[in-house]
Structure formats: structure tokens, C-alpha cells
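Those letters in the sequence shown? Residues 1 to 284, per full-length UniProt numbering, in order.
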Amino acid sequence: MNMYSRLKGWMIAPAVILALSTCAALMTVLQFSLRAYVPGSLDVGGLTLENFSGLGNGIYLNALWNTLRLSIETMVFSLLLAYPLAYALVRVRNRTLKSIILILSLTPLFLGEIVRTYSWTVVLGSNGFVNTLLRKLGLIEWPLDLMFTHFGVVVALVHVTIPVTVLMLGAAISHINRDYERAAQSLGANPVRIFVTVTLPLSMPGILASATTAFAWTFSAFATPQMIGGGRVPTISTLVYQLGLSSLNFPLAASLSIIGLALTMVSLLVFGKFTARLQRIGAH
């Protein structure tokens, strides 16, 4: 028993160290957010709340709104695209087709986020794949503005989140007891009614879990909004980067980070309440 306790302690120790390091980093950020900015210096001044009061400026509110909007849109489109893929991955009987779906869904995970984002610059650019194809088909005369737009950022973010969303939804669908669907079929329900009244509600915990993950992942995304948005689609992460490394205004960057973290936690709490209410729907 003593040996087991020691082994458990050694296994828990890395997690404890990581948690303490994260808390120390967050406390450092919080401390910086409460200090005054000294122009032209890396040093900070005394305690102040001016950093938070200054966040009511339209630039910061616009970044907060863009971040929230991008997170919600990415979450919704990721679910709409990933659910059919996850459903087919679990329910298709043809092994070849299932392998193709699996490869197409999970291949992006083998590439870094920056590499995936760079690939979208090739696709969405003025001379990229989309514009070149449309011009050859005679559908457009001048290139469409796809790069440095809100639309382009959403497309790239959805591509980043889909693999994880497919995995989470696939796990939820695979755990659905098929006897419930057979029972509905024996009572005369057609395939659409079975899906709407049985399969979809039973997969709701997986939907909520993947939606929460996609939302939180997008909320903190930096590389994709920075590279695809090109500074024209401001988010909290890109604004923190600009304030911290370009303007050297670390106190204001820290206060914006704290606000973003607080907003993320509130959003996750809301999702958590919905998840708790609907957990029994997926119980089987």
C-alpha cells in the first residue's frame, strides 16, 4: 500500500507542478495588468486601474466582439461539417470508404497550425486556387477579396478545429446503443425521424463537448487570425501581440488578456450548464 501511494504521488507530481506554474504565470499577468504603463520603458509604474478603464475604447470592444463572433461562427460551422463526417466514420460499413473519411478528417492533425494557415494563403490569395479556378471558369473578371477578410479567417479556423471535432463527435456517436434506433424503427419511424428524435439527442453530450472545445480553441487562436486576417480582423490575441511586442505596453496587454480569460471562463461556464442539463439525455 505504501509503495502504491508513492507511485501515485510520483504520477500526480508533474500535474501539480504544471498547475502551480500556470497559476504563477497567471498571477504575473494579473500583477502586470494592475501596474501603470511607462512610455519608452520596459519598467512599469505603480498600482492603477486605468488599464481596465481604458478597455472601453472602441478598438478593444471591436476586438472583443470579433473574437466572440469568430468563436461562435467557427463552432457552428465546425459542428455542421464535422457531424456528417463523424456519423459516416462510425456508421459506414465499407472499410475503404471509412478509411478515406478517416484520412481526410484527421490528416490536418499531422500538420502544424502555421503550416495549415500558410496553405490557406495559397488557396485564398488573389492568384490562389479559388480565384484562379473561378477566372478560368469565367465566373469572375477580377479576383475576389478572400484574404485579410472575416470570411477567410473563419474558413481557416474551421479547418483547424474540424479534426478534433470529428474525433469527439465520432466517440459520442459510437457509444449510442443501436437498440434504441431499432426500437424506433419497429414502431414505424422513418430514418429522418429516427435521427432527429433518437440519434441526435443521444449524441448531444458529444456535440456540447466538441462545441465547447471548438469555441475555447478559437477564442485563444493567434496564428490563424494574424496571418489570414493580416491585421484587418482584430481579435484579443492579435491585439495583445500588438500591444505587447509592438507598443511595449505590457500592462494594457496584460489587462486585455485578463478580460479575454474572464470572458472565456464565463462562456465555458454557460456551456457547462447546458452540458450538465443534457447529460441525462445521452445516458444509455
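Where a beta carbon is used, it is the ideal one built from N, C-alpha and C, also for glycine. Note that the structure is a prediction, hence the values are computed from the model and not measured.
Short of 6 Å in beta carbon distance, which residues of its chain neighbour residue i, apart from the five on each side in sequence? Order them along the chain.
{"i": "L243", "result": "N249, L252, A253"}
{"i": "S126", "result": "P143"}
{"i": "S210", "result": "T165, M168, L169"}
{"i": "Q226", "result": "T238"}
{"i": "A184", "result": "I194, V198"}
{"i": "I176", "result": "L202"}
{"i": "F52", "result": "S255"}
{"i": "V158", "result": "T74, F77, S78"}
{"i": "L61", "result": "none"}
How long is the line joining the alpha carbons of residue i and residue j, rounded to whole angstroms?
{"i": "T264", "j": "F219", "result": "7 Å"}
{"i": "L68", "j": "S255", "result": "17 Å"}
{"i": "G229", "j": "R6", "result": "51 Å"}
{"i": "S97", "j": "W120", "result": "Here the sequence assigns Leu to residue 97, which means Ser is not the residue at that position. Going from the Cα of L97 to the Cα of W120 covers about 26 Å."}
{"i": "I162", "j": "Y37", "result": "40 Å"}
{"i": "T235", "j": "A19", "result": "27 Å"}
{"i": "A189", "j": "R95", "result": "28 Å"}
{"i": "G54", "j": "S71", "result": "24 Å"}
{"i": "L64", "j": "A262", "result": "12 Å"}
{"i": "A15", "j": "L137", "result": "56 Å"}
{"i": "R116", "j": "S186", "result": "46 Å"}
{"i": "V122", "j": "L133", "result": "13 Å"}
{"i": "R135", "j": "E141", "result": "6 Å"}
{"i": "L80", "j": "F151", "result": "17 Å"}
{"i": "I100", "j": "T107", "result": "10 Å"}
{"i": "F215", "j": "G40", "result": "37 Å"}
{"i": "L124", "j": "V160", "result": "15 Å"}
If you reduce the DSSP assignment to three classes, tell me which class residue i lands in.
{"i": "A13", "result": "helix"}
{"i": "L70", "result": "helix"}
{"i": "N127", "result": "coil"}
{"i": "N62", "result": "helix"}
{"i": "T224", "result": "helix"}
{"i": "V233", "result": "coil"}
{"i": "A254", "result": "helix"}
{"i": "M204", "result": "helix"}
{"i": "D179", "result": "helix"}
{"i": "W142", "result": "coil"}
Residue i bridges to which residues according to DSSP?
{"i": "R35", "result": "L47"}
Tell me which same chain residues have a C-beta within less than 7 Å of the C-beta of residue i, skipping the five on either side of it?
{"i": "I258", "result": "V29, L30, S33"}
{"i": "F148", "result": "G229, G230, R232"}
{"i": "L109", "result": "P163"}
{"i": "L104", "result": "none"}
{"i": "A88", "result": "I101"}
Give me, in chain order, the residues of the same chain whose beta-carbon lies closer than 8 Å to that of residue i; leave out the 5 immediate sequence neighbours on both sides.
{"i": "E50", "result": "A36"}
Decide yes or no for the touch test of the region 195 to 205 against the region 217 to 233: beta carbon pairs closer than 8 Å, at least 3 of them. Short answer: they don't touch.
Is there contact here, the region 177 to 190 with the region 34 to 50, by at least three beta-carbon pairs under 8 Å? Segments in contact, no.
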